[in-house]
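Student: This is the structure I want to talk about, given as structure tokens.
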Amino acid sequence: MNFVYDYFNNKLKGYLLMKKIKLLSLLAIFGVSSTAVYAADVQSDDPLSPVGYWVQYDEDNDAGKGMAEGIIQAYFAKNGTLEMKIVVPLMQVNNKTGQPGAPMIHCDVCGKGSINGFSYDYTSPSDNLVQGLTFAGNMQKQPGTDGAGKGFEYDKGGVLNPNDGKTYNSKAQPVDGGETLFARAYKGSGWYSVGKDAHWKRIDEATYEKVKKECGLTDDGVYPYQAKDGSIKNNDLYKKCTNYPFDVKKPV
């Protein structure tokens, strides 16, 4: 009786061992797939994908015109909609002086709200750092909008302007063979819509990492050219970061 029990017990152990090996093999395969999907969220191999890093330029007729305002990361949320966040703030035109300078560290005017399915809550100082701030989302793929040199349009989302806390409808579409991301914040719809257009320029992940290391927030919660009180301690770095020399064609 014990012999029979041991025989079937050993058979069962062998069967379970083979199942475990197969399961581990499958997990290894799917582990690679999961990593690939995550990587695609950071930087896509498709040149017409909106996913990746983009330089946002000041295109207004002000003292900062033509200067890089920051680096934006565009990525797909779990539900497949397009989201965007500021990953390296670089320059901001001061509302009082009208002159370009260091970007704000916290978005004190962002508050809490929702527009077109994009919800946000930046009421807490611990959550409203401009670096890492998700400011646009729920942009949905519009079938049939792609074409020669342009990817799909993502529309019907919402965007928050960190400079004044105002919200708008939002859309985005890769153009120029994927080198430019056309972004629009607008009110209304169709022929009755009014808004503002922007033309962001694509950079690779290595460039983003380099700029973040040079100009991104430090562990002290200030930009690397600033002292802890916010004063400028490295004027050369300050000038470089607030007018960063990206190797891309400026939109203006």
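Here the sequence shown stands for residues 64 to 315, where the numbers follow the working numbering.
Glycine included, each C-beta is placed from N, C-alpha and C at the ideal position.
Note that this is a predicted model, so its numbers are computed, not measured.
Can you have a look at residue 268 and say buried or exposed, based on whether 16 or more other CB atoms are within 10 angstroms of its CB?
Tutor: Within the sequence shown, residue 268 is the residue found at index 205, counting from 1. Classification of residue 268: exposed, given that the 10 Å Cβ count is below 16.
Student: In whole angstroms, what is the alpha-carbon distance linking residue 275 and residue 264?
Tutor: Residue 275 sits at position 212 when you count from the first residue of the sequence shown. Residue 264 sits at position 201 when you count from the first residue of the sequence shown. Between residue 275 and residue 264, the C-alpha separation is close to 17 Å.
Student: Going by CA-CA distance only, name the one from 167, 135, 158 and 114 that's closest to residue 145.
Tutor: Start at 1 with the first residue of the sequence shown, and residue 145 comes out as number 82. Here the closest residue by C-alpha is 114.
Student: Could you spell out the range, first to last residue, of the alpha helix (DSSP H) harbouring residue 300?
Tutor: Your numbering for residue 300 matches position 237 in the sequence shown. Its alpha helix (DSSP H) spans residues 298-304.
Student: When the Cα atoms are used, what is the spatial distance from residue 170 to residue 157?
Tutor: For the purposes of this step, residue 170 is taken as residue 107 along the sequence shown, with counting starting at 1. For the purposes of this step, residue 157 is taken as residue 94 along the sequence shown, with counting starting at 1. Cα to Cα, residue 170 sits roughly 14 Å from residue 157.
Student: Using a Cβ-Cβ cut-off of 7 Å (strictly less than) and excluding sequence neighbours within five positions of residue 161, which residues of its own chain qualify?
Tutor: On the sequence shown, position 98 is the one that residue 161 refers to. So the list reads 125 and 126, once near-sequence residues are dropped.
Student: Please report the straight-line C-alpha distance between residue 164 and residue 172, rounded to a whole angstrom.
Tutor: Locating residue 164 in the sequence shown gives position 101, counting from the first residue. Locating residue 172 in the sequence shown gives position 109, counting from the first residue. Each residue's Cα considered, the two are about 19 Å apart.
Student: Under the rule that 16 or more other beta-carbon atoms within 10 Å means buried, what is residue 42, buried or exposed?
Tutor: The question about residue 42 has no answer, for the chain in this structure spans 64 to 315.
Student: Express the C-alpha separation of residue 167 and residue 109 in angstroms, rounding to a whole number.
Tutor: Translated into positions along the sequence shown, residue 109 becomes position 46. Translated into positions along the sequence shown, residue 167 becomes position 104. So the alpha carbons of these two residues sit roughly 34 Å apart.
Student: With distances taken from CA atoms, which of 229, 190 and 216 is nearest residue 204?
Tutor: Here residue 204 refers to the residue found at position 141 when the sequence shown is read from its first residue. Minimum Cα distance to residue 204 is reached at 216.
Student: Looking only at its own chain, which residues have a Cβ that is under 6 Å from the Cβ of residue 306, when we skip the five neighbours before and after it?
Tutor: Counting from one through the sequence shown, the residue named residue 306 turns up at place 243. Same-chain partners within the cutoff: 130.
Student: Note the first and the last residue of the continuous beta strand (DSSP E) segment covering residue 230.
Tutor: What you label residue 230 is simply residue 167 of the sequence shown in a count that begins at 1. Its beta strand (DSSP E) spans residues 230-238.
Student: Considering just the uninterrupted stretch of the beta strand (DSSP E) at residue 261, what are its terminal residues?
Tutor: For the purposes of this step, residue 261 is identified with residue 198 of the sequence shown, where counting begins at 1. First-last of the beta strand (DSSP E) with residue 261: 257-266.
Student: To which residues of the same chain is residue 243 closer than 8 Å at the C-beta, ignoring the five residues directly before and after it?
Tutor: By 1-based counting over the sequence shown, the position of residue 243 is 180. 237, 262, 263, 264, 265 and 314.
Student: Closer than 8 Å is the cut-off here; do at least three beta carbon pairs connect the stretch 132-152 with the stretch 190-199?
Tutor: Cβ pair count under 8 Å is three or more, so yes.
Student: List, from N- to C-terminal side, the alpha helix (DSSP H) runs of 4 residues or more that fit wholly inside the stretch 114-189.
Tutor: Listed in chain order, nothing qualifies, since the stretch 114-189 has no complete alpha helix (DSSP H) run of 4 or more residues.
Student: Using the beta-carbon count (16 or more within 10 Å), is residue 92 buried or exposed?
Tutor: Position 29 of the sequence shown, counted from the start, is the residue given in the question as residue 92. Because residue 92 carries a pLDDT of 32, less than 50, the predicted location of this residue cannot be relied on, and no value is offered for it.
Student: In terms of DSSP beta bridges, what is residue 243 paired with?
Tutor: Indexing the sequence shown from 1 puts residue 243 at position 180. BP columns for residue 243 point to 238 and 264.
Student: I need the straight-line Cα distance from residue 251 to residue 257, nearest angstrom please.
Tutor: Numbered from 1 along the sequence shown, position 188 holds the residue referred to as residue 251. Numbered from 1 along the sequence shown, position 194 holds the residue referred to as residue 257. Taking the straight line from one Cα to the other gives about 7 Å.
Student: Skipping 5 residues on each side, what residues in its chain have a beta carbon closer than 6 Å to that of residue 121?
Tutor: Counted from its first residue, the sequence shown places residue 121 at position 58. The answer, listed in chain order, is 127, 128, 130 and 132.
Student: Give me, in chain order, the residues of the same chain whose beta-carbon lies closer than 7 Å to that of residue 181; leave out the 5 immediate sequence neighbours on both sides.
Tutor: Stepping through the sequence shown from its first residue, residue 181 is reached at position 118. Cβ within range, chain order: 199, 200, 201, 220 and 221.
Student: Got a sec: is the Cβ-Cβ distance from residue 122 to anything in chain B below 7 Å?
Tutor: Structure shown: chain B not included; a single protein chain is present.
Student: What residue from 136, 233 and 211 has the CA that sits closest to residue 239's CA?
Tutor: Sequence index remark: in the sequence shown, residue 239 carries index 176 (1-based). When only C-alpha atoms are compared, the closest one is 211.
Student: Terminal residues of the continuous beta strand (DSSP E) containing residue 219?
Tutor: For the purposes of this step, residue 219 is taken as residue 156 along the sequence shown, with counting starting at 1. Taken as a continuous stretch (DSSP letters only), the beta strand (DSSP E) holding residue 219 covers 216-223.
Student: With distance defined between alpha-carbon atoms, name the residue in 295, 218, 253 and 224 nearest to residue 191.
Tutor: Numbered from 1 along the sequence shown, position 128 holds the residue referred to as residue 191. Minimum Cα distance to residue 191 is reached at 224.
Student: Which partner residues of residue 250 appear in the DSSP bridge assignment?
Tutor: Residue mapping note: residue 250 aligns to position 187 of the sequence shown, counting from 1. Its beta-bridge partners are 257.
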